[in-house]
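S.K.: One structure coming up, written as structure tokens, with questions to follow.
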Amino acid sequence: MLGNWSFGDYFKKEAIEWSWELLTKVYGLDPQRLYVTYFEGNSDLNLEPDLEAKELWKSVGVPEDHILPGNMKDNFWEMGDQGPCGPCSEIHYDKIGGRNAAHLVNADDPLVVEIWNNVFMQFDRQKDRSLKTLPAKHIDTGMGFERLVSALQHKDSNYATDIFTPLFDRIQEVTGGRPYTDKYGKDDVDGIDTAYRVVADHIRLLTFAISDGAAPNNEGRGYVVRRVLRRGSRYARKYFNADIGSFFSKILPALVEQMGEQFPEIVRKQQDIKEILDEEEEAFARTLDRGEKQFEKYAAKAVSNGTKKLSGADVWRLYDTFGFPEDLTKLMAEERELSIDENEVAVAREKAREASKAVKESVQTFEKLNVHQIAELKDQLKAPVPDDEPKFLKGDTTGKVQYIFTGTSFAKSTKDLAPNAPFGLLLDRTNFYAEQGGQVADTGRIVIDDVAEFKVLDVQQYGGYIVHNGYLEYGELNAGDEVICEYDELRRQPIRNNHTGTHILNHSLREVLGDEVNQKGSLVDNEKLRFDFSHKAAVTLAELKKIEDLSNAYIRQNSQIFWKDVELDKAKQINGVRAVFGETYPNPVRVVSVGIDVDMLLETPENPDWRKVSVEFCGGTHVDQTGIIKDLIVVEESGIAKGIRRIVAYTGDAAHKVQRDAVEFGKRIATIEALPFGPEKEAEVKSATVDLNNLVVSTLTKDELKTKFAKVVKDVVDEQKKRQKAESKTALDTVTAHFSKDENKDVKHFIGHLPISANAKAVADVVNHFKSKDKERSVYLFGGSKDEGAVVHGVYVGKALASQGVTAETWASAVTEVIGGKSGGKEPTRQGQGTNADKIDEAVAVAEKWLAEKLKI
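Structural data, given as structure tokens:
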């Protein structure tokens, strides 16, 4: 979108004249092909036609039969139920020419299109829907970039322009498909042109969304990104027969080359965008084949039963089991002329979520295998220990059901279990990672397509036996059934990042802090890594910077990760190998090395160079290369026991997010600093102080932010002190000036609204002055205003009034009834903060009346 704004600088006349001049004289578009619209008015809302715009279009030379009235939908812009709004004036372009196309304007004709819209913001919509004229009138112009290029290049569609040509060329190069021919609808017989457009549009959206921080996930804008990628992947697969897993990232360079100069952020973040696209595609590719086959079954069922409608349960299952977003299923259904009842889908979705919620609440109560049950499996049931080597590989694996663990016994079938009952599933082979070595368990599902689905919520290992804990979503499972094991790849990937990141952090800690550093515990999950280590003192910021820099330098080497099972005695000989003191390791033990092949380490295990390499005993899952981790950001360093420190760090997308959060908070500090001193700035400082304390960002960056913010806080505090001192002086001067007047020399009290803000300290200063230096006189003081929305008051009862029975408590109580809030203090003073700032004058009058009645003046 191309456009510009005017905030009171120019309005309707200039906007119309300049837009016409730009299109016809600068861009050289044929005036006879241009048509304009103006707002026709609306009697129901008491809105007059915008005849001013009509006359202005005539004045620049637009023929009257090219000036057309338009309704509220097309020619009145509103930002919402309230706020600025006003009539619009559109400019439409006829791509054919040589005719009068007025009747085709706003008629959805693809060859008569709107290319520009001038919005004349002249009203302010009120709560009651009435309109007030704005004191300053504004312009918002918006012109479609692609549509303008289409007109300038004399193309029938936006996609036939050189905006899309580089992308289409790249798509053809990657897929080997036929050239793009710009066919639409029924003319696009094989659907290939449509697929070109879908892929091109989708890579543009995905690239810019991800570069702006909208990482694919299951919530909000992230879910939109995920849906777009999966829909586009399916198009590429169906129409181009493309391999899904790294398709969009192959198109990405063409877009970056085309738009990188105008949008440098996509150049800087190209590698990150590529990795996210590949990761998402790969996760979807794992179920795409099976999901399409399952859709075909559902579609055939809908045709055979005569309904030509996919059931809501089937649509939900395609999403829940195979990752097909509902709009993708809907698109596939439309291709088959099948309908979908969205209410049925909503019911199925809610039913599944309620069942999932009920079982998830019992995750911590899953039964564990005890020593007797382990012995039963081994000795009586002769159950083999499962093969879990596939956990180190990417992708699904197949296994066979061995037993169903009910918590008290081992069953051969789930048919006798209660609905949604939690239970454990034992397989002969699995790719699920069981919780161990600080790494959390995988989650996912174990399925027999369209027969049964078991949701895996937790995985534990007991004596070599792996128990998948969860519940049956639907169907039935029996011993001997062959199942597909699908761990959640999108959850596993950040776990891999964090586990390899933990190894790199461990290495960096030793390099910076010395050999005394030894691992004392760790936690690796999909959000963070937590590492406990021995060290006698807090890690300084300077040391932390070295640790973080060294870790990230290691990551950016993009070193390959090597692992191998090695005889324990031989593995222990590797110079610098890291292990947890007191931990019992299996024999053979798995050795994980970052950057050097394990076989090379074993050739010369005493080599001093290995001391500079991260080498550990570890049974966890890791990335293939360190570059995938992207960054390691330390967000916390603290002590948890004597001589034990803890570091919490983020990697991957989580690390990038905290970096973005830090940048945004830095901008917030700059915005607060630029505010003029006043209540708004004070409120922002107060709010930001709380938010900064709770902000999760790099420890190093947070220290920098605190230093910057401390200066802003100091400036505010200094200004507050300055204002406080000035207001205290103003308050005291006002009262003493009253008593110094000749006519008031014998007056023993002052009641009044002081020319100060709701400054309790200034009121207290005056009260204390009289309490200590002028004990005869009394004062009742008020500060604040209706505009400020705050009021304070304070009273001192001097000896003259006290001797007549006046007390601060009873006087202030009478005032508080009017001004609201509470007051407190010890005789002869009372001070409070009111809640009714609009009643200050009334409160002053009540204070005067109460005293007069008390003294019977």
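Positions 1 to 857 (full-length UniProt numbering) are the ones given, in order, by the sequence shown.
Just so you know, even glycine gets a beta-carbon here, dropped at the ideal spot from N, CA and C.
(1) At 4 residues or longer, and completely inside the region 772 to 854: list those alpha helix (DSSP H) runs for me, N to C.
(2) Who are F120's beta bridge partners in DSSP?
(3) Do P386 and R317 have their beta-carbon atoms positioned less than 7 Å apart in this structure?
(4) Hey, how far is the Cα of F617 from the Cα of F432?
(5) Just how far apart, CA to CA, sit K127 and K73?
(6) Go ahead and pull the three-state DSSP assignment for R445.
(7) I'd like to check one pair, A300 with L310: are the Cβ atoms closer than 7 Å?
(8) What would DSSP say about R496, mapped onto helix, strand or coil?
(9) Roughly how many whole angstroms lie between the Cα atoms of G480 and L427?
(10) Quick check on this structure: which residue in Y650, I203, F284 and D201 has the alpha carbon closest to the alpha carbon of R230?
(11) Within its chain, find whatever has a CB closer than 6 Å to the CB of N759; leave out the 5 residues flanking it on each side and keep chain order.
(12) When you compare the CB positions of K368 and L338, do they come within less than 7 Å of one another, or not?
(13) Per DSSP, which one or two residues make a beta bridge with H92?
(14) At the level of alpha carbons, what is the spacing between F164 and T329?
(15) Hey, out of V648, S59, K630 and V225, whose CA is closest to S638's CA?
(16) Tell me the rounded alpha-carbon separation between G220 and A102.
(17) With F11 and K95 assumed to form a contact (beta carbons below 8 Å), what rounded beta-carbon distance in angstroms separates them?
(18) Short check: CB of E48 to CB of G41, under 7 Å?
(19) Using only the alpha-carbon positions, how far apart do V189 and G323 sit?
(20) Please work out which residues of its chain come closer than 8 Å, Cβ to Cβ, to V806, disregarding the five sequence neighbours upstream and downstream, and give them in chain order.
(21) Between which two residues does the beta strand (DSSP E) containing G70 stretch?
(22) Quick one: what does DSSP say F432 is sitting in, helix, strand or coil?
(23) If you reduce the DSSP assignment to three classes, tell me which class F665 lands in.
(24) Hey, could you find the ends of the alpha helix (DSSP H) R268 is sitting in?
(25) On the three-pair Cβ rule with 8 Å, is the region 583 to 596 touching the region 561 to 571?
(26) Starting from residue 872, follow the beta strand (DSSP E) in both directions and report where the run begins and ends.
(27) Give every residue of the same chain whose Cβ lies closer than 7 Å to the Cβ of V846, excluding the five residues on either side of it in the sequence, and list them in chain order.
(28) Enumerated in chain order, which unbroken segments of the beta strand (DSSP E) with a length of 3 residues or greater are wholly contained in the region 481 to 564?
(29) Taking a contact to mean a Cβ-Cβ separation below 7 Å, would you say I840 touches H749 in this structure?
(30) I'd like the span of the beta strand (DSSP E) that includes D243, first residue to last.
(31) If you reduce the DSSP assignment to three classes, tell me which class H154 lands in.
(32) Quick check on I404: does DSSP put it in helix, strand or coil?
(33) Can you find the residues in the same chain that come closer than 6 Å, C-beta to C-beta, to G191, ignoring five residues on each side of it along the sequence?
(34) What residue from I448, E476, G463 and D458 has the CA that sits closest to D416's CA?
(35) List the DSSP bridge partners of W5.
(36) Tell me whether the beta-carbon of V524 lies closer than 7 Å to the beta-carbon of Q625.
M.R.: Quick look at the numbers:
(1) Listed in chain order, they are 799 to 802 and 808 to 819.
(2) For the purposes of this step, residue 120 is identified with residue 120 of the sequence shown, where counting begins at 1. Per DSSP, I139.
(3) By 1-based counting over the sequence shown, the position of residue 317 is 317. By 1-based counting over the sequence shown, the position of residue 386 is 386. P386 is positioned such that its CB atom lies no closer than 7 Å to that of R317.
(4) Counting from 1 along the sequence shown, the entry for residue 617 is found at position 617. Counting from 1 along the sequence shown, the entry for residue 432 is found at position 432. If I take the Cα positions, the gap works out to 20 Å.
(5) Translated into the one-based positions of the sequence shown, residue 127 becomes position 127. Translated into the one-based positions of the sequence shown, residue 73 becomes position 73. If you take the alpha carbons of K127 and K73, they lie about 20 Å apart.
(6) The residue given as residue 445 occupies position 445 in the sequence shown. In the three-state scheme derived from DSSP, where H, G and I count as helix and E and B as strand, R445 is classed as strand.
(7) Locating residue 310 in the sequence shown gives position 310, where the first residue counts as 1. Locating residue 300 in the sequence shown gives position 300, where the first residue counts as 1. No, Cβ-Cβ distance for L310 and A300 is not below 7 Å.
(8) Residue mapping note: residue 496 aligns to position 496 of the sequence shown, counting from 1. It is helical.
(9) Residue numbering aside, residue 480 sits at position 480 when the sequence shown is read from its first letter. Residue numbering aside, residue 427 sits at position 427 when the sequence shown is read from its first letter. When rounded, the distance between both Cα atoms is 9 Å.
(10) Along the sequence shown, one-based indexing puts residue 230 at 230. Relative to R230, the option among Y650, I203, F284 and D201 whose CA is nearest is F284.
(11) Mapped onto the sequence shown, residue 759 falls at position 759. Taking C-beta separations shorter than 6 Å and ignoring five residues to either side along the sequence, the partners of N759 in its chain run E727 and G783, following chain order.
(12) Position 368 of the sequence shown holds residue 368. Position 338 of the sequence shown holds residue 338. Going by C-beta atoms, K368 is not nearer than 7 Å to L338.
(13) Counting from one through the sequence shown, the residue named residue 92 turns up at place 92. Looking at the DSSP output, H92 sits in a beta bridge with Y35 and E114.
(14) Counted from its first residue, the sequence shown places residue 164 at position 164. Counted from its first residue, the sequence shown places residue 329 at position 329. A straight line joining the alpha-carbon of F164 with that of T329 spans about 27 Å.
(15) Position 638 of the sequence shown, counted from the first residue, corresponds to residue 638. Scanning V648, S59, K630 and V225 for the CA closest to the CA of S638 turns up V648.
(16) One-based indexing of the sequence shown puts residue 220 at position 220. One-based indexing of the sequence shown puts residue 102 at position 102. Between G220 and A102, the C-alpha separation is close to 41 Å.
(17) On the sequence shown, residue 11 is found 11 positions in, with the first residue counted as 1. On the sequence shown, residue 95 is found 95 positions in, with the first residue counted as 1. Actually they are not in contact, since the Cβ atoms of F11 and K95 sit about 31 Å apart, beyond 8 Å.
(18) The residue given as residue 48 occupies position 48 in the sequence shown. The residue given as residue 41 occupies position 41 in the sequence shown. Yes, these two residues count as a Cβ contact at 7 Å.
(19) Here the question's residue 189 lines up with position 189 in the sequence shown. Here the question's residue 323 lines up with position 323 in the sequence shown. When the Cα atoms are used, V189 and G323 turn out to be separated by approximately 29 Å.
(20) Start at 1 with the first residue of the sequence shown, and residue 806 comes out as number 806. Excluding sequence neighbours, V806 sits near S778, V797, L851, K854 and L855.
(21) Mapped onto the sequence shown, residue 70 falls at position 70. Counting along the chain, the beta strand (DSSP E) containing G70 begins and ends at I67 to G70.
(22) Reading the sequence shown from its first residue, position 432 is the one you call residue 432. Here DSSP, grouped into helix, strand and coil, assigns F432 to coil.
(23) Position 665 of the sequence shown, counted from the first residue, corresponds to residue 665. DSSP places F665 within a helical segment (H, G or I) once states are collapsed to three.
(24) As a working note, residue 268 is residue 268 in the sequence shown. Where R268 is concerned, the enclosing alpha helix (DSSP H) stretches over P264 to R268.
(25) Because the criterion of three Cβ pairs below 8 Å is met, the region 583 to 596 and the region 561 to 571 touch.
(26) Residue 872 falls outside the range modelled here, since the chain spans only 1 to 857, and no answer is possible.
(27) Position 846 of the sequence shown, counting from 1, holds the residue named residue 846. The beta carbon of V846 is closer than 7 Å to those of A814, V815 and V818 in its chain, skipping five residues each way along the sequence.
(28) Taken in chain order, the whole beta strand (DSSP E) runs of length 3 or more contained in the region 481 to 564 are 482 to 487, 519 to 524 and 529 to 534.
(29) Taking the sequence shown and counting its residues from 1, one reaches residue 840 at position 840. Taking the sequence shown and counting its residues from 1, one reaches residue 749 at position 749. For I840 and H749, no; Cβs fall outside 7 Å.
(30) Taking the sequence shown and counting its residues from 1, the one referred to as residue 243 is at position 243. Per DSSP, D243 belongs to no beta strand (DSSP E) and is neither H nor E.
(31) In the sequence shown, counting from the first residue as 1, residue 154 sits at position 154. H154: coil per DSSP, three-state reduction.
(32) Here the question's residue 404 lines up with position 404 in the sequence shown. Strand, per DSSP.
(33) Residue mapping note: residue 191 aligns to position 191 of the sequence shown, counting from 1. These residues qualify, in order along the chain: Y239.
(34) Taking the first residue of the sequence shown as 1, we reach residue 416 at position 416. Answer by Cα proximity: E476.
(35) Stepping through the sequence shown from its first residue, residue 5 is reached at position 5. DSSP lists D140 as partners of W5.
(36) Looking up residue 524 in the sequence shown gives position 524. Looking up residue 625 in the sequence shown gives position 625. For the pair V524 and Q625, the CB atoms are not nearer than the 7 Å cut-off.
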